[in-house]
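Visitor: Before I ask anything, here is the structure I am working with.
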Amino acid sequence: MNIEGRTIRLRAVEPGDVDLMYEWENDYDIWPVSGTTEPFSRHQLERFVERQQGIAGVLCDGQLRLIIETLSRSKPVGAIDLFEYDPIHRRAGVGILIYEQSDRGRGYASDAVETLCRYAHDTLRAHQLWCNVGADNEASLRLFRNAGFTEIGTKRDWQWRADGYHDEVMLQKIIK
Numbered sequence: 812m813n814i815e816g817r818t819i820r821l822r823a824v825e826p827g828d829v830d831l832m833y834e835w836e837n838d839y840d841i842w843p844v845s846g847t848t849e850p851f852s853r854h855q856l857e858r859f860v861e862r863q864q865g866i867a868g869v870l871c872d873g874q875l876r877l878i879i880e881t882l883s884r885s886k887p888v889g890a891i892d893l894f895e896y897d898p899i900h901r902r903a904g905v906g907i908l909i910y911e912q913s914d915r916g917r918g919y920a921s922d923a924v925e926t927l928c929r930y931a932h933d934t935l936r937a938h939q940l941w942c943n944v945g946a947d948n949e950a951s952l953r954l955f956r957n958a959g960f961t962e963i964g965t966k967r968d969w970q971w972r973a974d975g976y977h978d979e980v981m982l983q984k985i986i987k
């Protein structure tokens with residue numbers, strides 16, 4: 812499955828992505844943003860990819876991971892997830908990672924979020940998407956606000972990091 816935006820394509824996770832995902836998921840610097848608390852093994856990631864390629868998916872297990880790659884070079888630059896998909900209430904959470912610092916600020920994330928919103932609406936018939944962002948993560952807050960997500964609340968002292976507790980902002984987008 813490939814879903815094209817202006818500068819990126821969202822594609823299904825493939826077995827060849829395991830090493831890339833192993834690097835991304837086990838980068839300790841990303842853990843505070845992703846909520847990861849322990850390393851992933853290659854075996855765990857291989858099983859995840861197998862489930863994503865089988866009949867499981869967003870409709871069966873409530874999660875869909877897509878690789879973000881550039882249209883110009885077909886270079887993987889990150890991943891975007893739908894999670895906690897609820898087919899009754901037609902909503903899902905969104906998470907995104909543009910891994911390399913040199914790939915950030917190039918519009919890949921905004922194109923990926925916009926493209927995912929279109930896919931969620933047109934294909935999944937989702938009514939709304941939501942995300943949780945650290946209150947100090949200005950880049951992600953700007954990304955989601957610019958994509959039409961609205962702040963609906965702040966969870967105080969929600970995220971613990973080595974330097975103490977931090978607030979988390981919840982944003983929501985009703986997609987039409």
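Sequential numbering of the sequence shown, starting at 812, is according to my numbering.
Idealized CB from N, CA, C, for every residue including glycine.
These figures come from a predicted structure and were not determined experimentally.
#1: What residue ranges within the region 835-895 form continuous beta strand (DSSP E) runs of no fewer than 3 residues, ordered along the chain?
#2: Measuring straight from C-alpha to C-alpha, what distance separates V860 and V824?
#3: With H, G and I counted as helix, E and B as strand and the rest as coil, what does DSSP make of L982?
#4: Apart from the five residues on each side of it in sequence, which residues of its chain come closer than 8 Å, Cβ to Cβ, to T961?
#5: Between which two residues does the alpha helix (DSSP H) harbouring D922 extend?
#6: Leaving out five residues before and five after G916 in sequence, what residues of the same chain have Cβ atoms less than 6 Å from its Cβ?
#7: From this set, D978, Y930, R853, L952, which residue's C-alpha is nearest E815's C-alpha?
#8: Determine, using beta-carbon pairs with one atom in the region 847-856 and one in the region 939-959, whether at least three such pairs fall under 8 Å.
#9: Does the distance from the CB of L877 to the CB of R820 come in under 7 Å?
#10: If I measure Cβ to Cβ from A886 and keep anything under 8 Å in the same chain, skipping five residues before and after, which residues do I get?
Guide: This is what the structure gives:
#1: 875-881
#2: 6 Å
#3: strand
#4: L982, Q983, K984
#5: 919-933
#6: none
#7: Y930
#8: no
#9: no
#10: The sequence shown places Lys at residue 886, not Ala. So the list reads E880, once near-sequence residues are dropped.
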